[in-house]
Amino acid sequence: MRREGNHEIPAEVREFLKGNIESYEQLEILLLLRGHSDQRWTPESVGEKLKLPNPAAAEALDQLGRRNLLDVGVGLSFRYAPGNPNVAALVEGFVQAYDANRLGIMNLMNTNAIDRVRTGAMHLFADAFILGRKRDKNG
Amino acid sequence: MSMGVMKLVIWGALAMSSWVAGLFFLRFWRSSRDRLFVCMAVAFWLLGINWLSLALMHWIPETRHQAYILRLLAFVLIIAGVVDKNRRAVVAPALRGRR
Amino acid sequence: MAELVYFLCAATSIGCAILLFRGYRRSQTRLLFWSSLCFMGLALNNALLLVDLVIVPEVDLSTARSGVALVAMMVLLFGLVWESR
């Protein structure tokens, strides 16, 4: 099922997208922080700028931080800081693809989101077999 | 219907359902690249062959345990898969964010 | 020797059932519930095998055993098909 515009997006951009950007919040926040890479942002400042609720902004920032895309500082402040030159190059490639073919990127994100729902149960099945897991606060 | 026929029907159904279950696990493996699913798929296929062999061959009590070698292999494979999964989980916890 | 094989199979099945059920409790993912039931059924199948061949060899439990296994597999297939979207 080919969606329009997909064929223009390079494979490494697709992979980057699939592995690193799960939601529109993460997409917008990554672009915002990259556009102001000298500034530090908090969930509140991001939320205000992008008109997002704070919890959504906080979660997206947290996820991006865990993927080595942002530098996480004290007091929950974030700054765009890709962990290594490869990651930085991937982000640049992604931004190019996004500018050239926004629709294609959006379609890809939709497809990825659907895939993630479909495969959620599967991953949980496999993860059930991990013994002695750290118990989180929900038990 | 005699008991013998009933057993054959059940074993046949078991063989077929094992085949299908294994196929699902194989598809999960293709999606996730998690080796555990390969172990599950092959384990269920081995169980299926085990049930098939019970139907197709006439076993005498003295050597019947040989019929269950395949079953043993299936479960040993599952154990191996679980052990392997746990080893991998400890080594790379930082990558779990990426899927 | 044979008893050890059957016992190991039953024990492994129970282990899988427990892990899957624990996972189900944590995540409320129904696939894990059905899979857990399947492995419980397979454990019962192996336990009955032990009983049938070792404890009461004069009684033939093979239909009951395989019936239990079939129910277990049907439950697993139901879970895999239904919860796979």
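Residue numbers (the numbering used here), protein chains in the order written: chain F, 547 to 685; chain A, 3 to 101; chain R, 238 to 322.
Every residue gets a Cβ at the ideal spot worked out from N, C-alpha and C, and that includes glycine.
Note that the structure is a prediction, hence the values are computed from the model and not measured.
Under 7 Å: does the beta carbon of residue i sit that close to some heavy atom of the ligand ADP?
| i | result |
| --- | --- |
| A254 of chain R | With respect to the ligand ADP, the structure offers nothing, as it holds no ligand at all. |
What does residue i reach in chain F if we use C-beta pairs closer than 9 Å?
| i | result |
| --- | --- |
| S34 of chain A | T665, M668, H669 and A672 |
| L257 of chain R | F671, A674 and F675 |
Which residues of chain A have a Cβ atom closer than 7 Å to the Cβ of residue i, listed in chain order?
| i | result |
| --- | --- |
| I575 of chain F | Result: empty, since nearest Cβ-Cβ is about 16 Å, beyond 7 Å. |
| A306 of chain R | L16 |
Specify, as a first and last residue, the run of the alpha helix (DSSP H) that residue i falls within.
| i | result |
| --- | --- |
| G565 of chain F | A557 to N566 |
| D608 of chain F | N600 to R612 |
| W47 of chain A | R37 to L58 |
| G24 of chain A | M5 to S34 |
| R580 of chain F | Y570 to G581 |
Smallest Cα separation from residue i: which of the options?
| i | options | result |
| --- | --- | --- |
| V11 of chain A | A:A57, A:L48 and A:A43 | A:A57 |
| K597 of chain F | F:S583, F:L578, F:F624 and F:R664 | F:L578 |
| I251 of chain R | R:L281, R:A309, R:G260 and R:L287 | R:L281 |
| A45 of chain A | A:W13, A:V84 and A:A91 | A:V84 |
| L317 of chain R | R:R267, R:L285 and R:V296 | R:R267 |
| I575 of chain F | F:N656, F:R648, F:F624 and F:L649 | F:F624 |
| E561 of chain F | F:L610, F:N658 and F:N614 | F:N658 |
| I245 of chain R | A:A91, A:R89 and A:L75 | Note that residue 245 of chain R is Leu in the sequence shown, not Ile. L245 of chain R has its Cα closest to that of A:L75, out of A:A91, A:R89 and A:L75. |
| W273 of chain R | F:P631, F:I676, F:F671 and F:E558 | Trp is not the amino acid found at residue 273 of chain R; the sequence shown has Ser there. With distances taken between Cα atoms, S273 of chain R lies closest to F:F671. |
| L72 of chain A | A:L28, A:K87, A:M5 and A:S55 | A:S55 |
| W587 of chain F | F:V637, F:I660, F:D608 and F:E568 | F:D608 |
| Y570 of chain F | F:N656, F:Q642 and F:A674 | F:N656 |
How far does the beta strand (DSSP E) with residue i in it reach, from first residue to last?
| i | result |
| --- | --- |
| R625 of chain F | S623 to Y626 |
| V618 of chain F | L616 to G619 |
Applying a beta-carbon distance threshold of less than 7 Å, which residues of chain F neighbour residue i?
| i | result |
| --- | --- |
| P320 of chain R | Here residue 320 of chain R turns out to be Glu, not Pro, going by the sequence shown. Under the 7 Å cutoff, chain F gives A667. |
| V91 of chain A | Checking the displayed sequence, the identity of residue 91 of chain A turns out to be Ala instead of Val. Correct list: I676. |
| F30 of chain A | M668 |
| V84 of chain A | F675 |
List, in order along the chain, the chain A residues whose C-beta lies closer than 8 Å to that of residue i?
| i | result |
| --- | --- |
| V312 of chain R | None at all; the shortest Cβ gap to chain A is about 10 Å. |
Given that residue i touches chain R, what residues does it touch there, using C-beta distances under 7 Å?
| i | result |
| --- | --- |
| V22 of chain A | L314 |
| M8 of chain A | T300 |
Note down, in chain order, all residues in the stretch 259-272 of chain R with a beta-carbon under 9 Å from any beta-carbon belonging to chain F. R259, G260, Y261, R262, R263, S264, T266, R267, L268, L269 and S272
Any alpha helix (DSSP H) of 4 or more consecutive residues that is wholly inside the stretch 642-681 of chain F: 648-673
Which residues, in order along the stretch 272-299 of chain R, keep a beta-carbon less than 9 Å from a beta-carbon of chain A? C275, L279, N283, L286, L290, P294, D297 and S299
Completely contained beta strand (DSSP E) runs for the stretch 274-304 of chain R, where each covers 3 or more residues: none
Residues of the stretch 37-60 of chain A with Cβ closer than 8 Å to any Cβ of chain F, in chain order: L38 and F39
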